[in-house]
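In what follows, a structure is listed as structure tokens, so that the remarks can point back to it.
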Amino acid sequence: MTSGMPGEAGMNLRNNERRMLKGMLSEPNSEWSLEKLLSVAEWDDQVHVAGAGKGLQEAGMVEITETTSRMVSLGAEGKRAADYGLLESRLWHWIRNKEEVQRTMSSLMSSNFDRSETGPGIGILKGLGVEIDSGNLVFLNEEEISREIDKRAEFIKSLSNGPIESSSADEEMISHFSSRSGLLEFEENTSRTWKLTKAGASIDQSALTESQLIGELTPEMLQTGSWVGGEFKPFDVQAPAPTPIGGRRHPMQSLIERIRSVFLEMGFSEIDGDYVQSAGWNMDSLFIPQSHPARTMQDTFYLDKPSKVEVEGSYLDLWARVHEHGHDTGSKGWGGSFDIDESQRALLRTHTTVNTVRHIAENPSIPSRVFGIGRVFRQETIDRTHMPEFHQIEGIIHEPDASLPMLISTLKTFYAKMGYPDVRVRPAYFPYTEPSAEVDILWKGEWLELGGSGIFRPEVTEPLGTEWPVCAWGMGLERLAMLILGLDDIRQLYQPDLERLRKMPLL
Ligand code: PHE
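For reference, each letter of the sequence shown is one residue, going 0 to 506 in numbering that gives the first Met the number 0.
Rendered as structure tokens:
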């Protein structure tokens, strides 16, 4: 392009600046008011003039002259005075309509003037030369007082049409009324004018065509080079924008991950196991009587395929003895006769305690601290806090010195690390632990039950081949998830409602 020369300086201007400059070039020597600029640029908001004017001033093309004026207008009392008469005017009128002998304080007090007016009113009259002589209102210079009062009333009236510049108002009146409350109000008013500098006036109009703002650089623009010389739309960091949606783990998975890292940090190793188990490992190994109500079809999902899971005969033998008469655990057992077919019925595990007992059976003489987070299944009616599938956080400490205090402090440490430092245990009952404890955490001033724990009974540990005590616990994961994620319905965790899942807190 060969015609670029004259507009060099204009090229760096923003669109609004170009438009304003172009308008001003129509009268290059004028001093421009806000109104004139708004009309020449066809803007309806003065922020454009202020912004573009500032830009042009910085570019050395425009000079801004600021004049600050103090405007005076009537306050609330002043408006009342304009409507109903100034207090001294009304008092003066009252006085002059009375016979001389009736111009007394007592008749003023019993007049229509309100108490709130008579007090200050007398003060004002005194200032004008009225005196109180043994209860009579007396004055000498009647004409002078009338003149002064008229002048004041006149001044108030002059303001009733709107604010005026205080420098052009009667200075004496301003100072008088300024000392009386509520009559006048003052406001600073800054007005600006804009004038082209020499540099501004010499800009070539043709360089001032407004350019298309580039909002987004496309690959095409980069390839063709059409962006060169273009003007870029500035970023508006306040503009509303869609929340960027990145991939994230399911909140439940993140929570599991966090629990996992807490236990690993505490020196535990992770174990897991199958969903399908024998009733033997799931229940008999835990000294749950074969007649226990939780073992019925209403509570447990028994399977048809497979309907049977084989259990090693040595365990069946031991459990039969323990259940029938206590074997050599010191217990009397449950009595009756143990059914090894019942023991081999296939089911979906009802708790993850099945994993920890099997771990002990496989490692009877190796001290261990293990945990597992797994899904369990129970025939529950679905509601706000129940589902037929849920997760448990299971764990054991199996070592020579395992003890109840060790169990409690371990659970306290775990929940404290999860953000719930207030933990309490209450006595409870499970067929497989003694002592047994229910674990609660404090949340929003309420104790919430999160799970069971205890020390495995000898009826459990003996057949497994260990002589050490075992601290054991099994906690609900969903309950904890509801707290941490702020949910009031457990089902929200498993519904594929992406909108809701996206908004759940990152863990
Ligand atoms: N298995 C028990 C439950 O499902 C919890 C528990 C685990 C209790 C270990 C004591 C010891 O509620």
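Glycine residues also receive a C-beta, built at the ideal position from the N, C-alpha and C atoms. Values in this document were obtained by computation on a predicted structure and should not be read as measured data.
- Here aspartate 235 is exposed: its Cβ has fewer than 16 other Cβ atoms, across all protein chains shown, within 10 Å.
- As for any beta strand (DSSP E) of minimum length 3 sitting wholly inside the segment 403-443, the runs are 422-426, 432-442, ordered along the chain.
- For glutamate 184 against serine 25, the beta-carbon gap comes to about 39 Å, at or over 8 Å, which does not count as contact.
- Bounds of any beta strand (DSSP E) do not take in tryptophan 280; it lies within the alpha helix (DSSP H) bounded by 278-281.
- Under the three-state reduction of DSSP, histidine 249 is assigned to coil, being neither helix nor strand.
- Exposed is the label assigned to valine 227, since fewer than 16 other Cβ atoms lie within 10 Å of its Cβ.
- Between the beta-carbon of glutamine 391 and that of threonine 351 there is about 4 Å, and that keeps the pair under the 8 Å contact cut.
- Rounded to the nearest angstrom, the gap between the Cα atoms of leucine 136 and glutamate 153 is 25 Å.
- In this structure glutamate 164 is exposed. Its beta-carbon is surrounded by fewer than 16 other beta-carbon atoms within 10 angstroms.
- Secondary structure of threonine 64 (DSSP, three-state): strand.
- For phenylalanine 154, the uninterrupted alpha helix (DSSP H) run begins and ends at 141-158, by DSSP.
- Per DSSP, reduced to three states, the secondary structure at histidine 326 is coil, with no helix or strand assignment.
- Secondary structure at isoleucine 131: strand, using DSSP grouped into helix, strand and coil.
- DSSP places glycine 199 outside any beta strand (DSSP E); the residue lies instead in the alpha helix (DSSP H), whose first and last residues are 197-200.
- Counting C-beta pairs with one atom in each stretch, the segment 305-323 and the segment 487-496 have fewer than three that are closer than 8 Å, which means they do not touch.
- Distance from the C-beta of glutamine 391 to the nearest heavy atom of the ligand PHE is below 7 Å.
- Contact annotation: isoleucine 258 and isoleucine 372 have beta-carbon atoms nearer than 8 Å.
- Residues Met23, Pro27, Met60, Val61 of the same chain have their beta carbon placed closer than 7 Å to that of leucine 195, with the five preceding and five following residues left out of the count.
- Counting other Cβ atoms within 10 Å of its Cβ, proline 457 reaches 16 or more and is therefore classed as buried.
- Not a single heavy atom of the ligand PHE lies less than 7 Å from the C-beta of glycine 418.
- Contact between the segment 338-356 and the segment 272-280 is present: three or more C-beta pairs spanning the two stretches fall below 8 Å.
- One alpha carbon belongs to glutamate 76, the other to leucine 182, and they sit about 5 Å apart.
- Runs of the alpha helix (DSSP H) spanning 4 or more residues and lying entirely within the segment 70-134 occur at 75-83, 86-95, 104-108, 114-127, in chain order.
- Closer than 7 Å to some heavy atom of the ligand PHE: that does not describe the Cβ of histidine 324.
- Considering only Glu461, Ile483, Pro404, Glu388, the residue with the shortest C-alpha distance to tyrosine 419 is Ile483.
- By the Cβ neighbour-count rule, valine 100 is exposed, with fewer than 16 other Cβ atoms within 10 Å of its own.
- Taking C-beta atoms as the reference points, glycine 464 and alanine 360 count as a pair closer than 8 Å.
- Phenylalanine 413 has its CB no nearer than 7 Å to any heavy atom of the ligand PHE.
- Leucine 347 and glutamate 215 have their C-alpha atoms roughly 57 Å apart.
- Non-local beta-carbon contacts of lysine 97 in its own chain, meaning distances under 8 Å to residues more than five positions away in sequence, involve Ser106 in chain order.
- Between leucine 55 and asparagine 188, the alpha-carbon positions lie close to 23 Å from each other.
- Nearest neighbour of proline 162 by Cα position, chosen from Met265, Ala40, Ala293, Gly74, turns out to be Gly74.
- Counting only residues of its own chain and dropping the five nearest sequence neighbours on each side, serine 68 has a CB closer than 6 Å to the CB of Glu164, Asn188.
- Beta bridge pairing from DSSP links arginine 191 with Glu65.
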